[in-house]
Every structure is written in structure tokens, then in C-alpha cells.
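Chains as they are written, first to last, in my numbering: chain A, -11 to 205; chain B, 3 to 92.
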């Protein structure tokens, strides 16, 4: 039998989710002026990607709080009800965050509104599938496909050395996200394994924030 | 010659106005902006709508274009925003 969740690891997860949320929101709000002055679509999609990443980490944070309350205070919150709802919302916001990251790289080649609407439709389909199957499998599969697609698109563009570094960063963020989803709550993995990958994703968000902050005074 | 991007054109137009003691008539502005009159008209309308520039009519009914605070802000931030766009290949 698998041992129950360790509050210590849940506190760590809670902390990681909160810090990631803060950095995503910092990226979003600190680029507000750059967007409002230029109305540059690339900046808009970039901001939206981190806004949705922020929502995704907010959900993880809220879920961790609820789950921790259940463990620490022995509150009776039914996991069977909570989990599908959580996966549904997480599926939607995280799919949108990956799509917006892709849009930010290819905005010159897409027809704005139609593509965005199609993106929302795809994200809603993913979340409904995740909810009805009560499994994160649909989210993991779609995100893996999107990640591969994003890597191909992002690396296909002409670039210079600085941009290559940023693209590697994007790729690592997406990979870290998919790996995090895949390994979350897997009983065969040693304790703390999830947290290592979450810590890795967090470092990537911090690096992106500092790259943004360099240009936003 | 490399085609200027939209943001670059806006920067160039605003810079022309600023470098002209922040007051220039539309016709010399069109000439210095190095754009076709149709293109210039699009950009000019956009700049007015975005409130980067405003029109001033003097006592002799002559129209001048000047930068607003927002226009000055754009010029001030342009290099940094350009850096952000290039850094993230946006």
C-alpha cells in the first residue's frame, strides 16, 4: 500500500507553486507598459502565455492548500470530486499558456482572431476530455504534442545566438511542464522526485523574469 | 533595403517630430518620414488615435503636429522595448 501524502512535500509544492505564480504575474504586469505603448502582438501573446501559466500555478497552489488541509486538519474533502474539476481547469489554462507561447513566436504568420478562437476551442476540448475521463492523460498527450510542435516551430525560425538561448529556455519550460504533469503523484517514483522537477521549472521562470526585467526599467 | 517594421516606422515619425523642436507641419513630416502618402496617412491616423501625437492649429490657421506625453514616453522606452522583442524573438 502506498503511504499517505507527506505534509512536508506538500508544503514544498505549495511554496513552489506560490513562487512560480508570483514570477508569472511579475512577467505579466511588468510588460504591461511595453504592450500598452506598442500594441505589439508578440508582446501580447507572450504576456498572455505567462498570465495563463500564472493561472495554472494558482490552481496548483489552491489544490495543494485544499489537499494539505485534508491531510493536516483531517478535513473531509472528497478527492473523487475535486480531482476531475481541478484537472478540467488546469487542462484549459495550461493548454492556453503553451498555445500563447507558440503564438508569440509565430504571430506574424497567423490570422489573429481565428487562431486564438481555435486555440480556446482546443483548450476547452482538452479540459472536457480530462473531466469526463477523470484522468490527466488527455492533458498530458495534448501537451506533449503541443510541446513537440512548439519546439519545431520555435527552432525553425531564423535566429541569432541570444535568441537561441531564449528558445532553449522556452523548450525547457515546456518540457519541465509536461514532465511535471507526467510524474505528478506517480506512486512508483521516489518521494521528492516531483519537487525536483518543480524546482527546475521554477528556476526557469525566474531566469525568464530576469531576462524581462533587464529590458523593463 | 530592409523593410521597416511597423514599430520602427512609428519610432522614426515620432523622432522626426521631436527633433524638429516638437512641432512640424504634416507635409514636411510626410516628406521626411520616407513613406508613400497612403502609408503615411495610415500611420498618422494611428498615431492620433493612440494619442502619441496631437494637432495644433495656430492663429494663422496653420496645422502643426506635436508629440504628447505618451509619444515622448514611447520614444524614451523604444530601445528597451526593442531589446525585449529581440531577446524573446517576439
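Glycine included, C-beta positions come from ideal geometry on N, C-alpha and C. Only a predicted model underlies this, so the values are computations on that prediction, with no experimental measurement involved.
{"Query": "Where DSSP assigns a beta bridge to residue 57 of chain B, which residues make up the other side?", "Result": "B:67"}
{"Query": "Measure from the C-beta of residue 94 of chain A to each C-beta in chain B and report whether the shortest distance is under 8 Å.", "Result": "no"}
{"Query": "If you follow the alpha helix (DSSP H) that residue 15 of chain A is part of, which residue opens it and which one closes it?", "Result": "-5 to 18"}
{"Query": "Tell me, please, which residues DSSP counts as bridged to residue 26 of chain B.", "Result": "B:67"}
{"Query": "Would the region 73 to 83 of chain B count as touching the region 35 to 46 of chain B if we require 3 or more Cβ pairs under 8 Å?", "Result": "no"}
{"Query": "Tell me which same chain residues have a C-beta within less than 6 Å of the C-beta of residue 82 of chain A, skipping the five on either side of it?", "Result": "44"}
{"Query": "May I ask you to report which of helix, strand or coil DSSP gives residue 98 of chain A?", "Result": "coil"}
{"Query": "List the residues of chain B whose Cβ lies closer than 9 Å to the Cβ of residue 200 of chain A, in chain order.", "Result": "86, 89, 90"}
{"Query": "Just the C-alpha distance for residue 71 of chain A and residue 122 of chain A, rounded to the nearest angstrom, thanks.", "Result": "8 Å"}
{"Query": "Taking residue 99 of chain A and residue 37 of chain A to be in contact with their CB atoms under 8 Å, please state how far apart those CB atoms are, rounded to whole angstroms.", "Result": "Wrong, their Cβ atoms sit about 19 Å apart, outside the cutoff."}
{"Query": "Determine contact between the region 45 to 54 of chain A and the region -4 to 14 of chain A, defined as no fewer than three beta-carbon pairs at a distance below 8 Å.", "Result": "yes"}
{"Query": "Determine, using beta carbons only, whether residue 76 of chain B comes closer than 8 Å to chain A.", "Result": "yes"}
{"Query": "Using CA coordinates, which residue listed in A:153, A:170, A:32 is at the minimum distance from residue 104 of chain A?", "Result": "A:32"}
{"Query": "Report all residues from its chain with a CB closer than 6 Å to the CB of residue 79 of chain A; omit the five preceding and five following residues, and keep chain order.", "Result": "114, 115, 118, 127"}
{"Query": "Find the residues of chain A that neighbour residue 15 of chain B, judging by a C-beta separation of less than 7 Å, and give them in chain order.", "Result": "Within 7 Å Cβ-Cβ: nothing; residue 15 of chain B doesn't reach chain A, min ~14 Å."}
{"Query": "When burial is assigned at 16 or more other CB atoms within 10 Å of the CB, is residue 186 of chain A buried or exposed?", "Result": "buried"}
{"Query": "For residue 79 of chain B, go through chain A and note every residue whose CB falls closer than 8 Å to its CB, in chain order.", "Result": "21, 22, 25"}
{"Query": "Contact between the region 12 to 23 of chain A and the region 64 to 73 of chain B: three or more CB pairs below 8 Å?", "Result": "no"}
{"Query": "Using the Cα positions of residue 11 of chain B and residue 87 of chain A, report the straight-line distance between them to the nearest angstrom.", "Result": "29 Å"}
{"Query": "Taking Cβ positions only, does residue 11 of chain A come closer than 8 Å to chain B?", "Result": "no"}
{"Query": "Starting from the beta carbon of residue 154 of chain A, find every residue of chain B whose beta carbon is closer than 9 Å, and list them in chain order.", "Result": "89, 90, 91"}
{"Query": "Can you list, in chain order, the residues of its chain with a C-beta nearer than 8 Å to that of residue 3 of chain B? Leave out the 5 residues immediately preceding and following it.", "Result": "Any answer about residue 3 of chain B is weak, because its pLDDT of 49 lies below 50 and its placement is not dependable; what the coordinates show is given next. Nothing meets the Cβ criterion."}
{"Query": "If I measure Cβ to Cβ from residue 30 of chain A and keep anything under 7 Å in the same chain, skipping five residues before and after, which residues do I get?", "Result": "92, 95"}
{"Query": "Counting along the chain, where does the alpha helix (DSSP H) carrying residue 188 of chain A start and finish?", "Result": "181 to 203"}
{"Query": "Classify residue 154 of chain A: buried if its beta carbon has 16 or more other beta carbons within 10 angstroms, exposed otherwise.", "Result": "buried"}
{"Query": "Would you say residue 83 of chain B faces chain A, with C-beta separation under 8 Å as the test?", "Result": "yes"}
{"Query": "Taking C-beta to C-beta, are residue 195 of chain A and residue 157 of chain A nearer than 8 Å?", "Result": "yes"}
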